[in-house]
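Note sheet for the following structure.
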Amino acid sequence: MAPRVVTVEADGGSRGNPGPAGYGAVVRDSETGEVLAERSESLGTATNNVAEYQGLIAGLTAAAELGAAEVDVRMDSKLVVEQMCGRWQIKHPGLRPLAAQAAGLVGRFAAVRFTWIPRDQNRHADALANAAMDAAAGRPTSTRAAAPVVGSDPATAPASWEPRPTFTATRLILVRHGETEYTEQRRYSGRGDVPLSEKGRAQVRETATRVAALAPTVAAVLSSPLSRCTATAAAIAGALGDVPVRTEDDLIECDFGQWEGRTFAEVREGWPGEMDAWLASPRVAPPGGESFTHVAERAHRVVAGLLTAYPGETVVLVSHVSPIKLVLRDALAAGDGFLHRLFLDAAGISVLDMWPDGGVAVRTVNDTSHLAAL
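Given below as structure tokens:
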């Protein structure tokens, strides 16, 4: 009878990168730890990343041949794990066909879960890969048949079967405050404490309902100290069951200095040179104001603190355009031009997941579907 759930441990390497390369893969019964199949092959001259992807492909192929329904993939290649989870881009053109082939195999199973593990917990696949690399310079060899090497007792399994932590993402729900008079008039609104307008209060009620639907359980609600944010945060906290709201000074809007309360056209007319310099570099501040680089440092402190304080939990951040854009810029690995191209609506919602190993997945940007009736 085919096992319903199997574990694939895969590895690959190259001596020279590129150099003599090979991969190894092991398929185990997830319940007993019994080895059901081994795969290894020399690849001639290739890179580490190519060999690692080939090991994954071989392991998934073997799992499919065994008739498994679900697969837990364990690899010590952070690049392959993060790319297959969709958290890292596949920038190298040589890896894209291999990733596509692996994705096609993933689609053959009911579920495939990827986990990064330290190398010392991947010894079996690593040993197979090293033997294949040894052969790469001489006689390429391939092992295709199932080759059990341990019994059904997990206590006799090699080190690669040791329990390992499973990381859970911390989810950040980023909410821009509701509309104010300045928002409607498209005026720079930084440190001035402009309250919500009547429309803004209506937006906040809909936003609170939407956030509660997205995340019934929230560990904390953090807010900029300005009233347009604290009022938005209070409504959200109420919809969540009166979760306490904590104000965080680092979530305050950028200080626009002499441009506060002015429109873009007014600033363009009065400070043309300063405006050009500000648009060209995040390190430039408005006259008497604050640079986006400094705002980014503030926002980074908040996010880093949340990942430490609330690992694996959901946190709502209520802030302003600039801090939210800067968090999204870094999460998307975007350039500085992103800051002046992304539009964030009042009461818009963005969602991103952040893992303790540095992985990031942006789920939603500027969702305003909950405001359609207003």
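Going by this note's numbering, the letters in the sequence shown line up with residues -8 to 365, in that order.
Every residue gets a Cβ at the ideal spot worked out from N, C-alpha and C, and that includes glycine.
Keep in mind that this is a model prediction, so the values were computed, not measured.
Just the Cα atoms here: how many angstroms apart are residue i and residue j?
i      : j      : result
Ala150 : Pro88  : Its pLDDT being 38, under 50, Ala150 is placed unreliably by the model, and the measurement read from it follows with that caveat. Taking the straight line from one Cα to the other gives about 32 angstroms.
Gly24  : Thr200 : 46 angstroms
Asp327 : Asp2   : 37 angstroms
Gly46  : Asp111 : 17 angstroms
Glu288 : Leu242 : 11 angstroms
Arg237 : Leu213 : 5 angstroms
Gly366 : Thr52  : In the structure as shown, the chain begins at -8 and stops at 365. Residue 366 is therefore absent and cannot be evaluated.
Thr171 : Ser188 : 5 angstroms
Ala224 : Gly10  : 56 angstroms
Glu22  : Thr221 : 50 angstroms
Val72  : Ala94  : 12 angstroms
Ala116 : Ala123 : 11 angstroms
Ala118 : Glu32  : 12 angstroms
Gly296 : Val202 : 22 angstroms
Thr254 : Ala324 : 29 angstroms
Arg196 : Ala226 : 7 angstroms
Arg167 : Leu333 : 13 angstroms
Trp107 : Val351 : 14 angstroms
Gln74  : Val97  : 13 angstroms
Gly261 : Glu175 : 22 angstroms
Glu304 : Val342 : 13 angstroms
Pro154 : Leu362 : The predicted model places Pro154 with a pLDDT of 37, which falls under 50 and marks its position as unreliable; any figure quoted below should be read in that light. C-alpha separation (whole angstroms): 46 angstroms.
Ala127 : Met345 : 39 angstroms
Leu385 : Gly349 : It is not possible to answer for residue 385, since the shown part of the chain is limited to -8 through 365.
Lys190 : Pro109 : 53 angstroms
Val26  : Ala290 : 48 angstroms
Using the rule of at least 16 other Cβ atoms within 10 Å of the residue's Cβ for burial, across every protein chain shown, is residue i buried or exposed?
i       : result
Pro278  : exposed
His331  : exposed
Ala322  : buried
Leu365  : exposed
Gln80   : exposed
Gly339  : buried
Phe283  : buried
Ser272  : exposed
Thr161  : buried
Thr(-2) : buried
Arg274  : exposed
Asn8    : exposed
Opposite residue i in the DSSP bridges: which residues?
i      : result
Pro11  : Thr36
Trp107 : Met66
Ala28  : Val18
Ile340 : Val166 and Asp358
Three or more beta-carbon pairs under 8 angstroms between the stretch 33 to 44 and the stretch 54 to 65, yes or no?
no
Does the stretch 60 to 76 come into contact with the stretch 101 to 111, if we say contact requires no fewer than three beta-carbon pairs (one atom in each stretch) closer than 8 angstroms?
yes
Which runs of the alpha helix (DSSP H) fall wholly inside the stretch 174 to 225 and span at least 4 residues, in chain order?
189 to 205
Count Cβ pairs between the stretch 239 to 253 and the stretch 171 to 186 that sit closer than 8 angstroms; are there 3 or more?
yes
Give, in chain order, every unbroken run of the beta strand (DSSP E) that is at least 3 residues long and sits entirely within the stretch 225 to 283.
236 to 238
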